[in-house]
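According to this note's numbering, the sequence shown is numbered sequentially starting from 3. C-beta atoms are modelled at their ideal positions from N, C-alpha and C, and glycine is treated no differently. A quick note: this is a predicted structure, and the numbers were derived from the prediction, not measured. First the structure, in the form of structure tokens, and then the observations on it.
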Amino acid sequence: MKNFWEKLPKPFFCLAPMADVTDCAFRQIIVKYGKPDVFFTEFVSADGLYSIGRDKLLIDLKYSENEHPIVAQIFGSNIDNIKTSSAFCRELGFDGIDVNMGCPDKSIEKQAAGAAAMKDLKHAKEVIKAAKEGAPNLPISVKTRIGYNKNEIETWIPALLSEKLAALTIHLRTRKEMSKVPAHWEIMSKIVEMRNKISKDTLIIGNGDILDLNDAKQKIKETGCDGIMLGRAIFGNPWLFSRGRRSGLENSKRPDLKERLRVMLEHTKLFEKMLSKYKNFAIMKKHYKAYVNGFDGAKELRMKLMEAENAQQVEKIINDFLVKIC
Ligand SMILES: Cc1cc2nc3c(=O)[nH]c(=O)nc-3n(C[C@H](O)[C@H](O)[C@H](O)COP(=O)(O)O)c2cc1C
């Protein structure tokens, strides 16, 4: 039977996993205003799922049925924990498992996970095999970068492709570059060539600095990759994947200010309802910075929102602002 990756339309567009951003509440807002072809969860520690802190992590694996296809992203280097986490994600009903091999966060790298996977190709391959063993009938994918300190695609990408992944997402920067330089889209067609030679069924997904769906389509045209993953472009813009893109109407402007603020409040209320028991309300402040910009009075409004402690206060701040401008 075909896995979901094989059934996707081409080209396809994924929402990037972003810890404390693309949580289950924000994903519900995105489903409503513009659903991507594939969702990923925030990353979850495979070791953590088998520690006493397990219960705290389960919220990051919560999803709703209308989010399918959705891929669980895990990280870790302990082979047993990767295998059992992968099996657990399969039991939870995920459509695929993605292994993070690109995160530059020091606390993750200390566990020989995330970007540190690039330092030991043999072990990275073992990790992928363990994920496959844990969820034998689910597609396994990897999200990574182009190298650790320098461009290492000549060794790193073939090592990954030889594991016959269902999909490989490449954030086109090295670990060392973090997000400080523009993504190296110029090397993407080389990676596609490698795929054609080594593992023709592996889908190649490009990631890094994509602004919107038009930009994404252009990159696909230029490089020959199969899909694009968009991350930061979703901030303050749950309409990113919408606009009847199949009929070519994408990238029309975001809705007017009033509608944007209404959706921001809807997002806030949903965050409170679904996540206030587990996460700090301060997480919403990142979103406010993105929703509230580019209009007269935005700075003052943002400053007030930074002081808010719950959805009720946010609603009052927005209502007072709207009364003033209407
Ligand atoms: C706040 C934040 C959290 C992130 N969390 C994750 C994560 O959990 N897993 C992951 O693979 N990448 C994570 N990333 C990286 C993004 O998925 C993506 O690779 C990166 O932002 C580049 O894409 P963009 O330019 O479209 O944003 C995160 C990025 C940001 C900004």
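Own chain residues within Cβ distance below 7 Å of residue i, not counting five before or after
i: Glu309; result: none
i: Arg256; result: Asn239, Trp241 and Arg262
i: Val316; result: Leu267, Thr270, Leu307 and Ala310
i: Arg197; result: Leu163, Thr204 and Ile206
i: Ala21; result: Glu44 and Phe45
i: Thr225; result: Trp187, Met190, Ser191, Val194 and Gly208
i: Lys37; result: Phe243
i: Pro19; result: Phe42, Thr43, Glu44, Phe45 and Gln75
Run of the alpha helix (DSSP H) containing residue i, from where it starts to where it stops
i: Asp217; result: Leu215 to Thr225
i: Ile206; result: Element bounds for Ile206: not the alpha helix (DSSP H) but the beta strand (DSSP E), Leu205 to Asn209.
i: Lys127; result: Leu123 to Gly136
i: Asp322; result: Ala313 to Ile327
i: Trp7; result: Phe6 to Lys9
i: Phe273; result: Leu259 to Leu277
i: Met20; result: Taken as a continuous stretch (DSSP letters only), Met20 belongs to no alpha helix (DSSP H), as it is neither H nor E.
i: Leu242; result: No alpha helix (DSSP H) holds Leu242; DSSP gives it neither H nor E.
i: Tyr293; result: Ile285 to Tyr293
Host beta strand (DSSP E) of residue i (start-end)
i: Met231; result: Gly229 to Leu232
i: Leu17; result: Phe14 to Leu17
Close-in-space but distant-in-sequence residues of the same chain around residue i (CB under 6 Å, 5 per side omitted)
i: Asp39; result: Leu10, Phe14 and Phe15
i: Asn80; result: Asp49
i: Ala284; result: none
Proximity winner among the options, relative to residue i (alpha-carbon distances)
i: Lys326; options: Met305, Gln314, Asp298 and Asn312; result: Asp298
i: Leu63; options: Met276, Asn321 and Gly233; result: Met276
i: Phe273; options: Arg234, Ser88, Trp7 and Gln314; result: Gln314
i: Thr24; options: Gly36, Phe41, Lys85 and Lys34; result: Phe41
i: Ser143; options: Ala132, Asn153 and Lys221; result: Ala132
i: Ile32; options: Asn5, His70, Ser53 and Ile54; result: His70
i: Asn83; options: Leu51, Phe6 and Met180; result: Leu51
i: Leu213; options: Ala185, Lys199 and Asn102; result: Ala185
i: Phe237; options: Lys287, Lys199, Tyr280 and Lys260; result: Lys287
i: Ile200; options: Lys223, Leu170, Gly296 and Leu303; result: Leu170
Proximal residues to residue i (C-beta, below 8 Å), its chain only, five neighbours per side dropped
i: Trp158; result: Met120, Leu123, Thr146, Ile148 and Gly149
i: Leu324; result: Lys260 and Leu263
C-beta contact flag for residue i and residue j at 8 Å
i: Ala168; j: Lys127; result: no
i: Ile130; j: Glu165; result: yes
i: Asn139; j: Ile172; result: no
i: Cys105; j: Gly98; result: no
i: Tyr65; j: Cys91; result: no
i: Glu135; j: Lys202; result: no
i: Lys12; j: Asp228; result: yes
Continuous beta strand (DSSP E) assignments of at least 3 residues falling wholly in the segment 140–168: 142–147
Runs of alpha helix (DSSP H) wholly within the segment 29–97 (minimum 4 residues, chain order): The segment 29–97 contains these whole alpha helix (DSSP H) runs: 56–60 and 81–93.
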